[in-house]
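Below is one structure, written out as structure tokens; the observations come after it.
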Amino acid sequence: MVTTDILIIGAGPTGLFTVFEAGLLKLKCHLIDALPQAGGQCSEIYPKKPIYDIPGFPEVLAGDLVHNLMEQIKPFQPGFTLGERADSIERLDDGSFIVTTNKGTEHKAPIVAIAGGLGSFEPRKPQLDNLNRFEDRGVAYIIRDPEVFRDKKVLIAGGGDSALDWAIFLTDVASEVTLVHRRNEFRGALDSVEKVQELKNLGKINLITPAEVVELKGEANLTAVTVQKTDTKETIEIAIDDFIPLFGLSPKLGPIADWGLEIEKNAIKVDNTLDYQTNIPGIYAIGDVNTYPGKLKLILCGFHEATLMCQSAYQRIHPDKKYVMKYTTVGGVTGFDGSKKEAPKAVVKSID
1 MVTTDILIIG
11 AGPTGLFTVF
21 EAGLLKLKCH
31 LIDALPQAGG
41 QCSEIYPKKP
51 IYDIPGFPEV
61 LAGDLVHNLM
71 EQIKPFQPGF
81 TLGERADSIE
91 RLDDGSFIVT
101 TNKGTEHKAP
111 IVAIAGGLGS
121 FEPRKPQLDN
131 LNRFEDRGVA
141 YIIRDPEVFR
151 DKKVLIAGGG
161 DSALDWAIFL
171 TDVASEVTLV
181 HRRNEFRGAL
191 DSVEKVQELK
201 NLGKINLITP
211 AEVVELKGEA
221 NLTAVTVQKT
231 DTKETIEIAI
241 DDFIPLFGLS
251 PKLGPIADWG
261 LEIEKNAIKV
271 DNTLDYQTNI
281 PGIYAIGDVN
291 TYPGKLKLIL
301 CGFHEATLMC
311 QSAYQRIHPD
321 KKYVMKYTTV
331 GGVTGFDGSK
341 KEAPKAVVKS
351 ID
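Structure representation (structure tokens):
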């Protein structure tokens, strides 16, 4: 049986950063994730996708962010159970928990932090008759490696941030990029919308709105699509190599939904006035998996939630101790392996 101070379910960016904040409090962490590697969606779905809203990084690839987080937490020697899904939870008489995975691995901890992101998920697929026929033969729902589309004709369908961001990114990779959206208005960030319009004016993106893909064509592989304008019903046949419908993901909490937690719209309700604790004392939910008034599903918000959660977890584990927060710029970072990153010493100059 694995024993630890904080058991983290989900090894995405929020779960990984929790290890760092817990480590500063001398709390040991172990992470469970159904994926075979740490990093969550950043590693599994879009490792090469640039992220623009991480403080201190004007632009960072999702995979590089995960790499940096893994380096940051290395001194705190977290444990990992990867490729296994957290299935059941049992509360013991002493208030601690035993979480068992689908492969029977047991984990015991006084604190459980659910950082499962969106949970398990499936792409939302367009209603096209022969869609399944062309999956992996010209139809992709996730972009893991943009180099796959090097010098190809790509058509992206969608109106959210993912569709906009990938359309922008692939203009430097693909030979031709077409973006189709069923409305004239987009749901994505304003600066991304403006960038797409700018690239359209430069002839780097073929933008078709309001319209939708109504037919896929090809023999062994996809070779063309039919696009229909939703206002005039005019149809256009476009020769392409790849069709990427980016209509978002359909998230599911999986077994966690049966743990007795308070659920609202497929997310776990938490108390955001203090520590992001659920309705079960000792179980917290942080990152995209939780919900509360004003919730924003951003990585940086998950970092903030993890920080406050760890402070609360420390008080639960050590009720008789009072933790005095020390800034890392003053105290440095001391790892469980004895390594230490010293804070710079202040230099005092005498006045003549």
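According to my numbering, the residues represented by the sequence shown are 1 to 352, in order. Each residue gets a CB set at the ideal place from its N, CA and C atoms; glycine is no exception. These numbers were taken from a predicted model, which means no experiment stands behind them.
Cβ-based neighbour list, residue i, same chain, cut-off 6 Å, excluding 5 preceding and 5 following
| i | result |
| --- | --- |
| ALA38 | ALA11 |
| GLU262 | LYS269, ASN279 |
| GLU342 | GLY332 |
| ILE244 | ALA140, ILE156 |
| THR226 | VAL214, GLU215, THR235, GLU237 |
Straight-line gap, residue i to residue j (C-alpha atoms, nearest Å)
| i | j | result |
| --- | --- | --- |
| LEU131 | ASP242 | 12 Å |
| PRO13 | ILE283 | 19 Å |
| ILE236 | ILE89 | 54 Å |
| GLN77 | LEU199 | 46 Å |
| GLY218 | LEU24 | 57 Å |
| GLU147 | GLY63 | 15 Å |
| PRO281 | GLN41 | 28 Å |
| VAL347 | PRO75 | In this prediction, VAL347 has a pLDDT of 49, which is less than 50 and means its spatial position is unreliable; what the coordinates show is noted afterwards. Spanning the two alpha carbons is a distance of roughly 28 Å. |
| ILE9 | LYS252 | 15 Å |
| ALA163 | PHE57 | 22 Å |
| HIS30 | THR18 | 10 Å |
| ILE142 | ASP93 | 45 Å |
| ARG144 | TYR323 | 42 Å |
| LYS125 | LEU296 | 25 Å |
| ASN68 | TYR276 | 25 Å |
| VAL2 | GLY331 | 31 Å |
| ASP352 | THR328 | Its pLDDT being 48, under 50, ASP352 is placed unreliably in this model, and the coordinates cannot settle the point. |
| GLN228 | ILE156 | 14 Å |
| VAL333 | MET325 | 13 Å |
| GLU212 | ALA113 | 41 Å |
| PHE97 | GLU71 | 29 Å |
| PRO36 | GLY117 | 16 Å |
| THR171 | ILE6 | 44 Å |
| SER43 | PHE80 | 16 Å |
| PHE303 | CYS310 | 11 Å |
| LYS340 | VAL66 | 22 Å |
| ILE286 | GLY335 | 24 Å |
| ARG91 | PRO47 | 37 Å |
| ASP320 | PRO293 | 32 Å |
| LEU202 | LEU82 | 46 Å |
| ILE240 | LEU190 | 28 Å |
| LEU246 | ILE73 | 33 Å |
| HIS107 | ASP129 | 46 Å |
Presumed contact (8 Å Cβ cut-off) between residue i and residue j, rounded CB distance
| i | j | result |
| --- | --- | --- |
| LEU298 | ASP53 | 7 Å |
| LYS152 | SER175 | 6 Å |
| THR273 | ALA109 | Actually they are not in contact, since the Cβ atoms of THR273 and ALA109 sit about 24 Å apart, beyond 8 Å. |
| ALA115 | GLY260 | That belief does not hold up - the Cβ atoms of ALA115 and GLY260 are roughly 19 Å apart, past 8 Å. |
| VAL214 | VAL177 | At roughly 20 Å, the Cβ-Cβ gap does not stay under 8 Å, so VAL214 and VAL177 are not in contact. |
| PHE149 | VAL180 | Actually they are not in contact, since the Cβ atoms of PHE149 and VAL180 sit about 16 Å apart, beyond 8 Å. |
Member of the options whose CA lies at the smallest distance from the CA of residue i
| i | options | result |
| --- | --- | --- |
| ILE45 | TRP259, PRO123, LEU69, GLY23 | PRO123 |
| ILE168 | LEU207, ARG183, ALA220 | LEU207 |
| HIS318 | PHE20, THR3, LEU27 | LEU27 |
| VAL289 | GLN315, LEU274, ALA257, ARG316 | ALA257 |
| ALA220 | GLY287, ARG133, GLN127 | ARG133 |
| ALA34 | PRO110, VAL214, LYS103 | LYS103 |
| GLU305 | PRO126, GLU21, HIS181 | GLU21 |
| GLY248 | ASP87, VAL2, GLY158, LYS341 | GLY158 |
| ASP161 | ARG150, GLU185, VAL154, VAL173 | GLU185 |
| ILE238 | PRO47, THR230, THR223, VAL333 | THR223 |
| ASP271 | VAL227, LYS341, SER312 | SER312 |
| GLN127 | ILE6, PRO293, LEU202, LEU216 | LEU216 |
| ALA315 | SER339, ILE111, PRO293 | The residue you asked about is not Ala; residue 315 is Gln in the sequence shown. The shortest Cα separation from GLN315 among SER339, ILE111, PRO293 belongs to ILE111. |
| THR232 | ARG182, GLY294, GLY302, ILE244 | ARG182 |
Residue i beta carbon near the ligand HEM (any heavy atom closer than 7 Å)
| i | result |
| --- | --- |
| ARG91 | With respect to small molecules bound, the structure shown includes none, and the ligand HEM cannot be examined in it. |
Cβ neighbours of residue i in the same chain (closer than 8 Å, five flanking residues each side left out)
| i | result |
| --- | --- |
| ASP165 | LYS49, PRO50, GLY188, SER192 |
| THR291 | GLU264, LYS265, ALA267, ILE268, LYS269, VAL270 |
| SER350 | Residue confidence is low: SER350 scores 47 on pLDDT, short of 50, so the model does not pin down where it sits. No coordinate-derived value is stated. |
| GLU234 | GLN228 |
| LEU61 | PRO47, LYS48, LYS49, PRO50, ILE51 |
Own chain partners of residue i with C-beta closer than 7 Å, once the 5 adjacent residues on each side are dropped
| i | result |
| --- | --- |
| LEU300 | ASP53, ILE54, PRO55 |
| GLU59 | PRO50, TYR52 |
| ASP337 | PRO75, GLN77 |
| GLU84 | ILE32, ALA34, THR101, ASN102, LYS103, THR105 |
| LEU87 | Reading off the sequence, residue 87 comes out as Asp, not Leu. Counting only Cβ-Cβ distances below 7 Å, and skipping sequence neighbours, we find THR100, THR101, ASN102, PRO255. |
| THR230 | ARG182, PRO210, ALA211, GLU212 |
| GLY95 | PRO110, GLY282 |
- Spell out a yes or no on whether the segment 191-200 and the segment 134-146 are touching, meaning 3 or more CB-CB pairs, one atom from each, closer than 8 Å. no
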